[in-house]
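Under the numbering used here, the first residue of the sequence shown carries the number 1376, and numbering increases by one thereafter. Contents: one structure, followed by commentary.
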Amino acid sequence: MKPHIGLKESFTVSGFFKQQDQVDTVLTECLRLGIPRDLIDVALSEGAAAKFPTLRAKKNTDSWFAWTGRGALAGLLISSALTLGIILLMGYEVTDQMALVQLLGPDIGIIVGAALGALYGWLRESDTNVVMQRALQRDDAMLLLVYLQPPEEAKRIEKILLRHGGEAVNSQPTELSPAEVVSATR
């Protein structure tokens, strides 16, 4: 990817761990550094999940929040079109129909659309990102990932992972989507 002016390079640091307490120690140390918990992930292959009984491999349903927004937008548009259609067909002065217009208005459309979108996103399995698919390489260890770190912080996190028994520690540039590139360069 071609570097953009004003866009700071970021890295994803990852490493394999064979013991749960190693991961807990690294998590604690990363949190002490001020890295938000939502930028840290643990990924397991199904084979590795059998080795760690307290953890379990499950579907990746991280896209439910994005689908909530899509559902809310769809609900807004559909309910707005429906209420405008009722007003056009029945006329604005018909008082009996105004209660129906109020009920089916954009407010309820947004709420119902968001709920349906969230449900769909929760039930639908998301595409697993490429970095997380690295967990499939090993059935004897779990993969710890720390996302969106500046170069100097990535080097420090690499040292932390190695110090606590991390194997095959890797730091690679984070791939940004076109929308993220546009928002980061503004």
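For each residue, glycine too, the CB sits at the ideal point set by N, CA and C. Small disclaimer: the values here were computed from a predicted structure and weren't measured.
Delimiting residues of the beta strand (DSSP E) encompassing residue i
i: Met1517; result: Met1517 to Gln1524
i: Ile1649; result: Here the chain covers residues 1376 to 1561 and nothing more, so residue 1649 does not appear.
i: Val1388; result: Phe1386 to Phe1392
i: Val1500; result: According to the sequence provided, residue 1500 is Glu. The question's Val does not apply to it. Glu1500 -> no beta strand (DSSP E), and no H or E assigned at all.
i: Ser1568; result: Past the boundaries of the shown model lies residue 1568; the chain is included only from 1376 to 1561, so the question cannot be answered.
i: Gln1547; result: Glu1542 to Pro1548
Chain-order list of residues whose beta-carbon lies under 8 Å from that of residue i (same chain, five-residue window excluded)
i: Gly1540; result: Phe1392, Lys1393, Gln1394 and Gln1397
i: Leu1537; result: Gly1390 and Val1544
i: Gln1441; result: The question names Gln, but residue 1441 in the sequence shown is Ala. Closer than 8 Å at Cβ, skipping near neighbours: Gly1496.
i: Cys1371; result: Nothing about residue 1371 can be read from this structure; the chain reaches only from 1376 to 1561.
Limits of the unbroken alpha helix (DSSP H) element including residue i
i: Gln1512; result: It is not in any alpha helix (DSSP H) - Gln1512 carries neither H nor E in the DSSP assignment.
i: Leu1406; result: Gln1395 to Arg1407
i: Gly1422; result: Glu1421 to Lys1426
Nearest-angstrom Cα separation, counted from residue j out to residue i
i: Asp1514; j: Leu1452; result: 47 Å
i: Asp1413; j: Gln1512; result: 24 Å
i: Ala1490; j: Glu1500; result: 17 Å
i: Pro1481; j: Gly1444; result: 14 Å
i: Gly1492; j: Ala1516; result: 35 Å
i: Asp1416; j: Ile1535; result: 16 Å
i: Glu1587; j: Met1507; result: Because the chain is modelled from 1376 through 1561, residue 1587 falls outside the range shown and cannot be assessed.
i: Lys1530; j: Pro1428; result: 32 Å
i: Leu1430; j: Gly1409; result: 25 Å
i: Glu1542; j: Leu1498; result: 34 Å
i: Leu1374; j: Lys1383; result: The displayed coordinates of the chain run from 1376 to 1561. Any statement about residue 1374 would go beyond what the structure contains.
i: Val1388; j: Lys1426; result: 23 Å
i: Pro1411; j: Ile1461; result: 48 Å
Selected residue, minimal CA-CA separation from residue i, among the options
i: Leu1479; options: Ser1389, Ser1454, Ala1423 and Arg1445; result: Ser1454
i: Lys1439; options: Ile1532, Leu1494 and Ala1510; result: First, the residue type needs correcting, since residue 1439 is Trp and not Lys in the sequence shown. The option with the nearest alpha carbon to Trp1439 is Leu1494.
i: Val1505; options: Gln1547, Ala1424 and Ala1423; result: Gln1547
Close beta carbons around residue i, own chain, < 7 Å, minus the five adjacent residues each side
i: Leu1523; result: Ser1385, Leu1414 and Thr1549
i: Lys1377; result: Note that Lys1377 scores a pLDDT of 44, beneath 50, so its modelled location is shaky; the value from the coordinates is reported in the next line. Nothing meets the Cβ criterion.
i: Pro1526; result: Glu1384 and Phe1386
Own chain residues within Cβ distance below 6 Å of residue i, not counting five before or after
i: Gly1488; result: Gly1446, Ala1447, Ala1449 and Gly1450
i: Ala1418; result: Met1507, Ala1510 and Leu1518
i: Leu1457; result: Leu1479
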